[in-house]
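Chains as they are written, first to last, in the numbering used here: chain A, 15 to 153; chain B, 654 to 1057.
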Amino acid sequence: MLPSRLILLCLLMLLPTAVAAADFAVVVNRENPVDSLERDEVKKIFLGRKTFWSDGQGIDVILQEEGEVHESFVLGIVHKSARQFQMYWKMALFSGTGIPPKQQPDSQAVKAAVAANPKMIGYIDIRQLDDTVKEVQLK
Amino acid sequence: MKRALAISCIALTGLLAPAATPSCQAYDVGEYLRINGFLSQGYIESSGNNYLGDSLNGSFQLNEFGLTVNSAVTDNLRLGLQLLSRDLGAEGNNDVLIDWAMADYRWQDWLGIRLGKVKLPIGLYNQGRDSDFLRPMVFLPQSIYDEGKRTLVVAAVGGSLYGNVSLGRSGDLEYQAYYGSVDFRSDSGQARGMEQLAARIARQRHLGTVDDLEADNLYVYGGSLIYNPPLDGLRAGVSYFTGQTDFDFDVGGVEGDAQGTMKDFVVLSLEYAMGKWHTATEYTEQTADREVFGADILGGRSQGGYVQLCYHLLDQVGMSVMYDVFYADKQDHDGSSLVAQGQPDYLGWRKDLGVGLHWEVNSQWLVKAEYHEVDGAALQLTIFNPEGVERNWSYFVLKTSFNF
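(1) Report yes or no: is there a C-beta of chain B within less than 8 Å of the C-beta of A/H93?
(2) Any beta carbon from chain A within less than 8 Å of B/S1054's own beta carbon?
(3) Whole angstroms are fine: how far does the CA of B/Q939 sit from the CA of B/G701?
(4) Measuring only the C-alpha atoms, how far is A/E80 from A/P119?
(5) For the alpha helix (DSSP H) holding B/L991, just list the boundary residues, first then last.
(6) Can you name, in chain order, every residue of its own chain whose Cβ lies under 6 Å from the Cβ of B/L860, other than the five neighbours on each side?
(7) Excluding sequence positions up to five away, which residues of its chain have a Cβ less than 6 Å from the Cβ of B/E717?
(8) Measuring straight from C-alpha to C-alpha, what distance separates B/Y999 and B/A911?
(9) A/R53 touches chain B at which residues, Cβ-Cβ below 8 Å?
(10) Anything in chain B within Cβ reach of A/T65, meaning under 7 Å, just list it in chain order.
(11) Whole angstroms are fine: how far does the CA of B/H965 sit from the CA of B/R853?
(12) At the level of alpha carbons, what is the spacing between B/G812 and A/A36?
(13) Measure the C-alpha to C-alpha separation of B/P883 and B/Q961 and round it to an integer number of angstroms.
(14) Can you check DSSP and say which residues form a bridge with B/N1056?
(15) Given this structure, state the Cα-to-Cα distance separating B/G733 from B/V1042, to the nearest angstrom.
(16) Could you tell me whether the Cβ of A/K104 comes closer than 8 Å to any Cβ of chain B?
(17) For A/K125, does the three-state DSSP call read helix, strand or coil?
(18) If you count every other CB in all the chains shown that lies within 10 Å of the CB of B/W598, and 16 or more means buried, which is it?
(19) Of all the alpha helix (DSSP H) runs that stay within the bounds of the segment 35–115 of chain A, which reach a length of 4 or more residues?
(20) Going by DSSP in three states, B/G875 sits in which element: helix, strand or coil?
(21) State the beta-bridge partners of B/V1027 as determined by DSSP.
(22) Quick check on DSSP: helix, strand or coil for B/E938?
(23) Along chain B, in chain order, which residues have C-beta atoms closer than 7 Å to that of A/S109?
(24) Hey, is A/M134's beta-carbon within less than 8 Å of any beta-carbon in chain B?
(25) With respect to the beta strand (DSSP E) encompassing B/V970, which residues constitute its N-terminal and C-terminal limits?
(26) What separation, rounded to the nearest whole angstrom, lies between the Cα atoms of B/V749 and B/L720?
(27) Using a Cβ cut-off of 7 Å, pull out every chain A residue sitting near B/T721, in sequence order please.
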């Protein structure tokens, strides 16, 4: 009895910290010709490993500061917890190898920033998706 | 008394910190200028031996202050600077120095160039070693990130090439390659280690006392490869470093010279993060050759490595355990050649078992406490213990850090 409980406990300890699942949409400016991206490409963009669009323009990344949509996005696409994602960018910042993306407080602010910048990519609460921005289909 | 003061200060930090805004991040000055920074203060106390300074009586000489300025001038060009003030026992003394300062031009994702003073990629963590909050324990494992060798390996004035090469569905490969020279400080561990060695040889040869040591690094070069496979959370890396330094000093009224070469410093690295777990292990070998008064002092090829395991008990609280081993000579693990020279065998190894707790009060504040039991006195422990070193010793550290 005891070993099985111990094994169960060990398995539970391996699980990531639970986060509330929130549906998100990856969005770009309506002028951006990109309609779809591989999920791995999106991951690389948000980790700063892919920094140029296919036309040679730089990619401007925008994050949300915190919240369910942010946690759901970084876990679902970047495959890191919000804390791990933050530490990843702090390491880049203080070692001189990169600048963390700018942040906005919520989906509305991200949407407004993306709508104003043809090079920008972000993520928003899917319930707030409208025609001011373009949703990128994830393959 | 000092210990009580340290615990009080750290506890006060913990009480006050939640009142600080948890929303971190930079101060943006206009559209293009971003300012970040960090500060930390620690307390170290040891028994058996002094470690990194006068730690037997407890010491607050354990801090870092950093200010980072970045500007993304264009899509391809970034300018950046980090000022760093640190105190670590006898080293640093809170002088404000340029930690790194560079122009970073990224032509494509697979090729960029950094010119200026660049941080050196050795192992997985050398580039971030001065930012306490980037790691679970106060000190990085000393077998690889030896504080006594920090000056030579932390950053160099020169340049580096870097990039990220996509391997398709097999992941991607990050590379960095650098060449430059190091601004060598006379209070660095290497300079004091060389001074101690030259003084010992001068005594043996009745040449007089050694004074006014100056160091001039000729070059450092190396590089690193980090493979990010499709398995999330896994990284594997290899890095290489070689550097050579000349030393001049006064011995008994006449000029003396010496040369130190750290060559073929290789680190193999593996890191895996999954859920609440974070594990890392690294293995290293390096050769330290020194020439003093024209005579070769061959240090042999050293060997070391560690395993570190970190588990998050709660969202904000984690515990770590680390076992770190260093041998001064991989062909002489039991130190028999040191005994033949009339020295204690335990100068030939250092085995450090450490356990620690860290508390992320919020995204900006971090508090750590840890305890280490150590067997052996390698890695220049004699510098801090001129009266002699003990084989078995211990130290504990309290530290708090803030970053924005």
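C-beta: ideal position from N, C-alpha, C; glycine also.
A quick look at the data gives this:
(1) As a position in the first sequence, residue 93 of chain A is number 79, starting the count at 1. A/H93 counts as touching chain B.
(2) If you number the second sequence from 1, residue 1054 of chain B lands on position 401. No, its Cβ sits nowhere closer than 8 Å to a Cβ of chain A.
(3) Working through the second sequence from its first residue, we reach residue 701 of chain B at position 48. Working through the second sequence from its first residue, we reach residue 939 of chain B at position 286. Their Cα atoms are separated by approximately 28 Å.
(4) Position 66 of the first sequence holds residue 80 of chain A. Position 105 of the first sequence holds residue 119 of chain A. Looking at the two C-alpha atoms, the distance is approximately 7 Å.
(5) Taking the first residue of the second sequence as position 1, residue 991 of chain B is located at position 338. Note, B/L991: alpha helix (DSSP H), 989–993.
(6) One-based indexing of the second sequence puts residue 860 of chain B at position 207. Closer than 6 Å at the Cβ level, and outside the excluded window around B/L860, lie V904, G905.
(7) If you number the second sequence from 1, residue 717 of chain B lands on position 64. Around B/E717: S693, R739, D783.
(8) Within the second sequence, residue 999 of chain B is the residue found at index 346, counting from 1. Within the second sequence, residue 911 of chain B is the residue found at index 258, counting from 1. About 26 Å.
(9) As a working mapping, residue 53 of chain A is identified with position 39 in the first sequence. Within chain B, no residue comes near A/R53; the closest Cβ sits about 12 Å away, beyond 8 Å.
(10) On the first sequence, residue 65 of chain A is found 51 positions in, with the first residue counted as 1. For A/T65, the C-beta contacts it makes with chain B under 7 Å involve R759, D762, in order along the chain.
(11) Here residue 853 of chain B refers to the residue found at position 200 of the second sequence. Here residue 965 of chain B refers to the residue found at position 312 of the second sequence. Cα to Cα, the separation comes out at about 48 Å.
(12) Locating residue 812 of chain B in the second sequence gives position 159, counting from the first residue. Locating residue 36 of chain A in the first sequence gives position 22, counting from the first residue. One alpha carbon belongs to B/G812, the other to A/A36, and they sit about 44 Å apart.
(13) Within the second sequence, the letter at position 230 stands for residue 883 of chain B. Within the second sequence, the letter at position 308 stands for residue 961 of chain B. So the two alpha carbons sit approximately 23 Å from each other.
(14) For the purposes of this step, residue 1056 of chain B is taken as the residue at position 403 of the second sequence. When DSSP reads this structure, B/N1056 sits in a beta bridge with B/F691.
(15) One-based indexing of the second sequence puts residue 733 of chain B at position 80. One-based indexing of the second sequence puts residue 1042 of chain B at position 389. If you draw a straight line from the Cα of B/G733 to the Cα of B/V1042, it comes to about 43 Å.
(16) Within the first sequence, the letter at position 90 stands for residue 104 of chain A. True, the Cβ-Cβ gap to chain B drops below 8 Å.
(17) Taking the first residue of the first sequence as position 1, residue 125 of chain A is located at position 111. Helix.
(18) Residue 598 of chain B falls outside the range modelled here, since chain B spans only 654 to 1057, and no answer is possible.
(19) DSSP runs (the alpha helix (DSSP H)) wholly in the segment 35–115 of chain A: 53–60, 82–87, 96–109.
(20) Along the second sequence, read from residue 1 onward, the residue named residue 875 of chain B stands at position 222. Strand, per DSSP.
(21) Translated into positions along the second sequence, residue 1027 of chain B becomes position 374. Its beta-bridge partners are B/D1005, B/W1046.
(22) In the second sequence, residue 938 of chain B corresponds to position 285, counting from 1. Note: B/E938 maps to strand in three-state DSSP.
(23) The sequence position of residue 109 of chain A within the first sequence is 95, counting from 1. Below the 7 Å Cβ cutoff, chain B contributes K772, Q780, G781 as neighbours of A/S109, in chain order.
(24) Mapped onto the first sequence, residue 134 of chain A falls at position 120. Chain B places no beta carbon closer than 8 Å to that of A/M134, leaving this residue out of the contacts.
(25) As a position in the second sequence, residue 970 of chain B is number 317, starting the count at 1. Segment 970–980, the beta strand (DSSP E) holding B/V970.
(26) Here residue 749 of chain B corresponds to residue number 96 of the second sequence, with the count starting at 1. Here residue 720 of chain B corresponds to residue number 67 of the second sequence, with the count starting at 1. The straight-line gap from Cα to Cα measures roughly 10 Å.
(27) Translated into the one-based positions of the second sequence, residue 721 of chain B becomes position 68. Chain order gives the chain A residues near B/T721 as L107, F108, where near means a beta carbon separation below 7 Å.
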